[in-house]
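Residue numbers (this note's numbering): 45 to 932.
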DNA sequence: CGCAGAAAAGTTTTT
DNA sequence: CTTTTCTGCG
């Protein structure tokens, strides 16, 4: 489809290309005279990327090389040189955040008067815009509803049940994911591979997909995937429509090109292909500029194709390729570590980042070992506090985790420390139950055919409309081919329903009729409030005594408040369906906790990277499902993580991690071995020993993390050995923070509340208050005693350490090692369970001194069979199994 | 019909 | 360990 283009045209054949070429030639020299303000301060490559406006351009922008700056300046340049009006530029990003940022920055560059840029947005928001204009071409009305995942799954579940399939055996969620994959690949029901179609529900996959799409049309709805799929179909089947867009878009820009999936690629290629319309307008080449970094492609799992960026030059012959390799963000050590790591990947276009930020004072990337994830959280917490004391802002620090379950431990810890934190990318504002309920009301008012929304709220708050009533309503609606709400209006006229539910339903119908009538006359914010009040929804939460109810009411208020930014209720609904992220308030100083994925594009002074262990990072599932390319994606994720740091990057790994409530032993990540020695410092001991900051380790070799003998394993680090030496049985003379640990004993009651608040309101920064009802000993560093016990008892610590499935970190005595033998005692879910010793007389009697691996030394207060009640010196009174203590 | 308690299942990353 | 779903009772 690019045949009309002149393959022999020089890459920079257009007049502006000449300037770019000169700029390139003048590399390092003074900027050209009369250069516009916005161009000054760009380095030669950046400038070329900005000024090469004509023809296809691929900008390979490494981490921290000013990618966003190039994109925004390029748009500003196009506008300033009057090459195009704002409405003639198509600029696509992946996230709303990126789109917003670009808008503001362009505003700053151009002087703020560019209100326009109607075509700057995410793939999805632009997709909606296109689809609204031509909805009828795919059987929708232009006021179609956008379904989110939740609606989607409920709908699929109905379809599965309608097919008389077991929705347990074939979960709707699985099918939603499957279908999502198809849509990411741009596959319509007739195009999906036979194997995929068979894989679900005994070969009914294709049928289900088709039924789902039909149902969406009858609901006048589109899901996220459709926002791309429908426009593609429209472009393919209606050349006149496509030609219209070709005429419109003179310049196309794409951010994060490495993350585009097949559907997005098809969409883009249709818009960016050369055409008669373009030739007529005097364009001999398409002015498309894609910016990306193949080393930061981390969304392969959701269909992104790195190939798209790798084959750009094939797709757009004669493309100019510009590499941005000068990094303005990180120190030489951070870049060096990242470079050494990413060099292990084979599939790359290859870039070498360099920086002028060199200084002997710069800290190397540190690698820290910890015993278990609790210690990791504790030590990182302390390090954060210490940096804070040195004057580093919490806002400048971030903890980037591989998987979201890792966040909890940090949250717990920070709550007890009273350290401000914010979780980014948690449950999104618009995905909260109360918000979705409220929106369902609004949707019903605006779109009476929105059955999914109606179903959601017909009995919320409780109106006595149970299964029986709903089923009757459904059957009636299906029989008559009516939307549910219309069916309800009919049904309340008859006597099929019992008086009580009939009255309730009639009330609902009457309410919706009234609200719909007010839609055109009343201010939408007032109407919104009115709906929530009159429906009893507000009241429902006011009556709710649970901990999260006040927060929910607060969220509802915020929802009404945010409606003010939009002109109408439908306009508001359109907006919220797409904008998934709620704004964070950056006013409070708080540490950010987020996944590595959501950290892309961000930067922090100090970055903590916990959990570098095999199985977690690289994640087992990526390895299992993705093989080598899966591993490479994980490595890119690690690369992204490291390159977020400006001055300090601190990597952690631990030997024991609790996954699904089960303690598992872990071995250090292979990525640690790939970090070049000269940029990395291995910390002597964990921060909780107060040992960080001191020198590195001597025998720094390839097998330093994962040798299979004790001395060469990770436990062979000097810090580790010192910890062992200093931490004799019961003799742990801990570092700082102990007073805090034990001071918390007995604090209770506030725990449940603060936890509930933490879950309900994750995305809002708050200061942590309250302790843990479980008592301070839970917080006590388990390190010293554990380690020494470990080292002293097990003949083959490493193999024991590798064992899986224990419910507690390996410990001596009744720990993992002995439970591996038949009949040994085991600890299950924190409750001590004896297997075979129940009837035997106890080895202990009241008054005996005993030692417990976690609680330390204590005195036996009571003996009941094999269960002891022990007054521990530090942990207080606890009931334990005698298998877990031994005479001291 | 609604609620509360108990059992069961599920757990990477998300526009 | 948490969240969701089912069951049984009021």
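All C-beta atoms, glycine included, are put in the ideal place defined by N, C-alpha and C.
Computed from a predicted structure; not experimentally measured.
Practice task
Report the rounded CA-to-CA distance for residue 641 versus residue 109, giving the unit in angstroms.
Solution key: If you draw a straight line from the Cα of residue 641 to the Cα of residue 109, it is about 19 Å long.
Problem - Whole-angstrom distance between residue 663 and residue 681, CA atom to CA atom - result: The straight-line gap from Cα to Cα measures roughly 11 Å.
Problem - Close-in-space but distant-in-sequence residues of the same chain around residue 307 (CB under 6 Å, 5 per side omitted) - result: If we look at residue 307 and ignore the five residues flanking it on each side, its Cβ neighbours are 228, 230, 272.
Problem - Extent of the continuous beta strand (DSSP E) run through residue 413 - result: 409-416 is the span of the beta strand (DSSP E), which, as asked, contains residue 413.
Problem - Spatial neighbours of residue 224 in its chain, beta-carbon cut-off 7 Å, leaving aside the 5 residues before and after - result: For residue 224, where only same-chain residues beyond five positions count, the Cβ hits under 7 Å are 269.
Exercise for the section: Please say whether residue 485 and residue 575 have beta carbons closer to each other than 7 Å? Expected result: Result yes, Cβ atoms of residue 575 and residue 485 sit closer than 7 Å.
Problem - When 689, 405, 420, 464 are compared against residue 432, the one with the closest alpha-carbon - result: Ranking 689, 405, 420, 464 by Cα distance to residue 432 puts 464 first.
Practice task
Kindly provide the ranges of any beta strand (DSSP E) runs that are 3 or more residues long and lie completely inside the stretch 410-455, ordered along the chain.
Solution key: Runs of the beta strand (DSSP E) spanning 3 or more residues and lying entirely within the stretch 410-455 occur at 441-445, in chain order.
Practice task
Kindly indicate the opening and closing residues of the beta strand (DSSP E) around residue 171.
Solution key: Per DSSP, residue 171 belongs to no beta strand (DSSP E); it is in the alpha helix (DSSP H), 167-177.
Problem - Counted within 10 angstroms of its Cβ, other Cβ atoms place residue 450 as buried (16 or more) or exposed - result: Buried, because 16 or more other Cβ atoms sit within 10 Å of the Cβ of residue 450.
Practice task
Quick one: measure Cβ to Cβ for residue 381 and residue 660, integer angstroms, because I've assumed they're closer than 8 Å.
Solution key: Contact flag wrong, Cβ pair sits at about 19 Å.
Exercise for the section: For residue 388, collect the residues of the same chain with a Cβ closer than 7 Å to its Cβ; drop the 5 residues on either side in sequence, then sort them by chain order. Expected result: Annotation for residue 388: 679, 718 place their beta carbon closer than 7 Å to its own, counting only its chain and skipping 5 residues before and after.
Exercise for the section: Would you check if the stretch 543-561 and the stretch 507-526 touch, i.e. whether three or more CB-CB distances between them fall below 8 Å? Expected result: Three or more pairs of CB atoms, one per stretch, sit closer than 8 Å, so the stretch 507-526 contacts the stretch 543-561.
Exercise for the section: Mark residue 130 as exposed unless 16 or more other C-beta atoms lie within 10 angstroms of its C-beta, in which case mark it buried. Expected result: Label assigned to residue 130: buried.
Handout entry: Bridge-paired residues (DSSP) for residue 935
Key = Outside the displayed span of the chain (45 to 932) sits residue 935, for which this structure offers no information.
Practice task
Please classify residue 382: does DSSP put it in a helix, a strand, or coil?
Solution key: When DSSP states are grouped into helix, strand and coil, residue 382 belongs to the helix group.
Exercise for the section: Go through its chain and collect everything with a Cβ distance to residue 242's Cβ below 8 Å, but skip five positions before and after it. Expected result: Leaving aside the five residues that flank residue 242 on each side, the residues in its chain whose CB is nearer than 8 Å to its CB run, in chain order, 249.
Problem - 3 or more residues per run - each beta strand (DSSP E) lying fully within the stretch 273-324 - result: If you keep only unbroken beta strand (DSSP E) runs of at least 3 residues inside the stretch 273-324, you get 295-298.
Practice task
Evaluate contact between the stretch 319-327 and the stretch 646-653, counting only Cβ atoms and requiring at least three cross-stretch pairs below 8 Å.
Solution key: With a cut-off of 8 Å on Cβ pairs, the stretch 319-327 is not in contact with the stretch 646-653, counting fewer than three such pairs.
Problem - Close beta carbons around residue 541, own chain, < 8 Å, minus the five adjacent residues each side - result: So the qualifying residues of the chain are 513, 516, 535, 549.
Exercise for the section: Taking the CB atoms as reference points, tell me whether residue 91 and residue 116 lie closer together than 7 Å. Expected result: Against a cut-off of 7 Å, the Cβ pair of residue 116 and residue 91 comes out as no contact.
Problem - Contact the stretch 333-340 vs the stretch 163-173: 3+ CB pairs below 8 Å - result: No contact exists between the stretch 333-340 and the stretch 163-173.
Problem - Beta-carbon proximity check, residue 353 vs residue 309, cutoff 7 Å - result: Result no, Cβ atoms of residue 353 and residue 309 do not sit closer than 7 Å.
Exercise for the section: Would you kindly report the start and end of the unbroken alpha helix (DSSP H) that includes residue 715? Expected result: Annotation: the continuous alpha helix (DSSP H) that includes residue 715 extends over 714-717.
Exercise for the section: Please list the segments of the alpha helix (DSSP H) lying wholly inside the stretch 87-162, counting only runs of 4 or more residues, in order along the chain. Expected result: When DSSP assignments are scanned along the stretch 87-162, the uninterrupted stretches of alpha helix (DSSP H) that are 4 or more residues long and fall wholly within it turn out to be 88-95, 111-124, 140-154.
Exercise for the section: Give me the Cα-Cα distance between residue 375 and residue 656, rounded to the nearest whole angstrom. Expected result: Residue 375 and residue 656 have their C-alpha atoms some 21 Å from each other.
Handout entry: residue 554 burial status per 10 Å Cβ neighbour count (16 or more: buried)
Key = Its Cβ having fewer than 16 others within 10 Å, residue 554 is exposed.
Practice task
Could you work out which residue in 152, 95, 138 is closest to residue 127 when comparing CA atoms only?
Solution key: It is 95 whose Cα lies nearest to the Cα of residue 127.
Exercise for the section: Whole angstroms is fine: what's the gap from residue 104's alpha carbon to residue 151's? Expected result: In a straight line, the C-alpha of residue 104 is about 25 Å away from that of residue 151.
Practice task
Mind checking who residue 709 pairs with in its DSSP beta bridge?
Solution key: As a beta-bridge residue in DSSP terms, residue 709 pairs with 700.
Exercise for the section: Helix, strand or coil for residue 348, going by three-state DSSP, please let me know. Expected result: Three-state result, residue 348: strand.
Practice task
For residue 186, name the three-state secondary structure that DSSP assigns.
Solution key: For residue 186, the secondary structure class from DSSP, reduced to helix, strand or coil, is coil.
Practice task
Would you check if there are 3 or more beta carbon pairs closer than 8 Å linking the stretch 583-593 to the stretch 436-456?
Solution key: Segments in contact, no.
Exercise for the section: Rounded to whole angstroms, what's the CA-CA distance from residue 544 to residue 199? Just pull it up for me. Expected result: Taking the straight line from one Cα to the other gives about 28 Å.
Handout entry: Which listed residue (280, 931, 88, 93) has its alpha carbon closest to that of residue 363
Key = Among 280, 931, 88, 93, the Cα nearest to that of residue 363 is on 93.
Practice task
Quick one: give me the first and last residue of the alpha helix (DSSP H) that residue 522 is part of.
Solution key: That run of the alpha helix (DSSP H) goes 511-524.
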